[in-house]
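Each position in the sequence shown, counted from 1, maps to that position plus 553 in this note's numbering.
Some notes on the structure that comes next.
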Amino acid sequence: MSEMHDTWPFREAQRILDRLESDDKSSSDPVVFETGFGPSGLPHIGTFSEVARTTWVRWAFEALSDRSTELIVFSDDMDGLRDVPENVPQEDMLFEHLGRPLCDVPDPFEEADSFAEHMNVELRSFLDSFDFDYTFKASREQYRNGRFDEGLETLLARHQDVRDVIVPTLREWRRDRWSPFFPVCQSCGKVYTTRVVDVDPDDGTIAYECEKDRKGMQPCGDSGRVPVTGGSIKVGWKIDWALRWHTFGVDYEMYGKDLIESAELSGEIAEILGSEPPEGSFYEMFLDENGQKISKSVGTGLSIDEWLEYAPIESLSWFIFQNPQKAKKLYFETIPESVDDWLEARSKFGDLDDEARHDHPIWFVEHDRTTADEASVGYTSDITFSTLLNLISALNTDDRELIWNYVLDYDPSAEDDREVIEMMLDGVLAYYRDFVLPTKEYQSPPEELVPYVRQFRDFLATYEGDDPEAIQDKAYEIGNESGASLGDWFQTIYRLLLGQEQGPRLGSFVHMFGIESTIEAIDDRLEA
Ligand SMILES: [Zn+2]
């Protein structure tokens, strides 16, 4: 494989390779990739994106190196319940538990042992449904089984160094009493109400008072002294991030743009712990249709199930693959465009030689197929999401056989791409049903334009060619003669043929729909 790569996962992988050259990590240890999630809500498109992008870097790395790899998906379930989430039952019960670690809050759905466990199960089944390969780890288990103990003892011993990194970044009023440690109150079980009042590195303990009253969390007023090990405390999340990198020897992690500064601070903490921070890079957040950021925790906007209702997963992966550091709008109208871009990429992929294929987005987006038999992945047909949508709109049908007849009439080579077109067809039919059909309203032409519509119809009846351009030119010519604006003229035709205000290029449409079918449709409407 050549040294220079165009696709970003290879560039990321190359940075990991460079890092490993200077690292003292044993070459028999796996190279560790990590992604982290807070189990305070359900998994969504952002979750999918982060795991997919990290997985692509992992595949690129595996193509460049013989080293074994591992992807850790980490759930921070010792994180406390900050707010009562929306769309979750038993609000009053949850309110009582504000400030407790999510792993100690009952499951409001009454299915799992805790709130966090419920969300962890959801996360894992979500990831499994896309066949991601990962090792799941949750915070509570790691704290309680002692995996973090060595790091926690180091943090305690170097308490002042940690403060020196974090305190200058805090607002004045928080600086004096800030501590990296969050003891779980032994009386009330809350983690966000305690304040550290003493640290004792010699016996490995800290003392706390349960007195912070924030957001209705109701401290119990008790106090105590606990070891920093064994799950009696957790550390603040920037410290926690560093602790994971250090403990698991993480080599690579991606994060949202809003966490760039946090990642730098966590990197400094990792160094205090004696570890080199991982390689990594940020990605931009998605925007909704108004250009507002879609928050990772709330996950508003288009859901992954909605995307899959209208288009294959490959088109979503294609969309996510494109320049992760550019902000992209993610809403319903993103879907048809992404499908068509994906098809075009697939078509280019099919024309590439073996060497170039490994460095093409399709190699990642359809990894199972491209690694099994890359020569079989391509696309030669002219049929796109928009073509199918226009065709279905003109036919006003969900009869797949009828649709296929038209498709093959228009492009006999579509037979070679039947599998892909079938994959698309379900989604296009659903898209038509949900977005086009409700707004469809056929209209006969206004009186003054009827002669010109007839003229166009008569032109088609005598036209013996097969050239979309000739049909388009004639439509223009007649439109100009009609005295109406061209906009009104074409809208008249679209309302007549498609029941829509807008439509595809008329010449191409007639070419695809067929001249006879077009004439029939015009006749039906003029007689109506
Ligand atoms: Zn308490």
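Note that the Cβ used here is the ideal one computed from N, Cα and C, for glycine as well.
It should be emphasised that the depicted structure is a prediction, and the values quoted were computed from it without experimental measurement.
- Secondary structure of Lys-791 (DSSP, three-state): helix.
- In this structure, Ser-740 has its beta carbon less than 6 Å from a heavy atom of ligand 1.
- For Met-807, the enclosing beta strand (DSSP E) covers residues 803-809.
- From the listed residues His-650, Asp-702, Asp-979 and Ser-1038, the smallest Cα separation to Leu-1002 is found for Ser-1038.
- Using a cutoff of 6 Å, the CB of Asp-775 counts as near ligand 1, since one of the ligand's heavy atoms is closer than that.
- If you keep only unbroken alpha helix (DSSP H) runs of at least 4 residues inside the region 554-609, you get 561-575.
- Out of Glu-908, Asp-804, Gln-567 and Cys-656, the CA that lies nearest to the CA of Glu-829 is found in Asp-804.
- Residue environment: Trp-726 is assigned as exposed (fewer than 16 neighbouring CB atoms within 10 Å of its CB, all protein chains considered).
- The beta carbon of Lys-578 sits closer than 7 Å to the beta carbons of Gly-802 from its chain, once the five residues preceding and following it are set aside; these are given in chain order.
- Annotation for Leu-961: Ala-967 and Glu-968 place their beta carbon closer than 8 Å to its own, counting only its chain and skipping 5 residues before and after.
- Contact between Phe-1009 and Ala-1028 is confirmed by a C-beta separation of about 6 Å, below the 8 Å threshold.
- In the structure shown, Glu-994 falls within a coil segment according to DSSP collapsed to helix, strand and coil.
- Secondary-structure assignment with DSSP links Ile-786 through a beta bridge to Pro-736.
- The three-state reading of DSSP puts Pro-1021 in helix, counting H, G and I together.
- Look at Ile-956 here: in three-state DSSP terms it is helix.
- Distance from the CA atom of Glu-886 to the CA atom of Gly-599, rounded to whole angstroms, is 18 Å.
- The beta carbon of Leu-942 is closer than 8 Å to those of Pro-889, Val-981, Tyr-984, Tyr-985 and Val-989 in its chain, skipping five residues each way along the sequence.
- Following the DSSP letters along the chain, one finds Asp-686 in no alpha helix (DSSP H), marked with neither H nor E.
- Distance from the CA of Phe-586 to the CA of Ile-625, rounded to the nearest whole angstrom, comes to 6 Å.
- The shortest CA-to-CA distance from Arg-1058 to any of Gly-1040, Gln-1025 and Lys-879 is the one to Gln-1025.
- Within the region 1020-1054, the complete alpha helix (DSSP H) segments at least 4 residues long are 1021-1035 and 1039-1050, listed from N- to C-terminus.
- For Leu-624, the enclosing beta strand (DSSP E) stretches over residues 622-628.
- For secondary structure counted as the alpha helix (DSSP H) over 4 or more consecutive residues, the region 662-726 holds these complete runs in sequence order: 668-682, 692-697, 702-710 and 712-719.
- Tyr-761 has Val-749 and Gly-777 as its beta-bridge partners, per DSSP.
- A straight line joining the alpha-carbon of Phe-902 with that of His-913 spans about 7 Å.
- Within the region 908-988, the complete alpha helix (DSSP H) segments of 4 residues or longer fall at 914-918, 920-926, 938-948, 953-963 and 971-984, listed in chain order.
- Residue pairing by DSSP places Tyr-836 opposite Gly-809 in a beta bridge.
- DSSP places Phe-885 outside any alpha helix (DSSP H), giving it a letter other than H or E.
- Between Asp-964 and Asp-935, the C-beta gap is smaller than 7 Å, which places the two residues in contact.
- Rounded to whole angstroms, the separation of the alpha carbons of Gly-777 and Leu-855 is 47 Å.
- One Cα belongs to Ala-947, the other to Leu-570, and the distance between them is close to 54 Å.
- The shortest C-alpha to C-alpha distance from Ile-945 to any of Gln-739, Asp-751, Gly-1052 and Phe-689 is the one to Gly-1052.
- Of the heavy atoms belonging to ligand 1, none sits nearer than 6 Å to the Cβ of Cys-656.
- In this structure, DSSP gives Pro-654 an extended state, which the three-state scheme calls strand.
- In this structure, DSSP gives Lys-768 a state outside helix and strand, which the three-state scheme calls coil.
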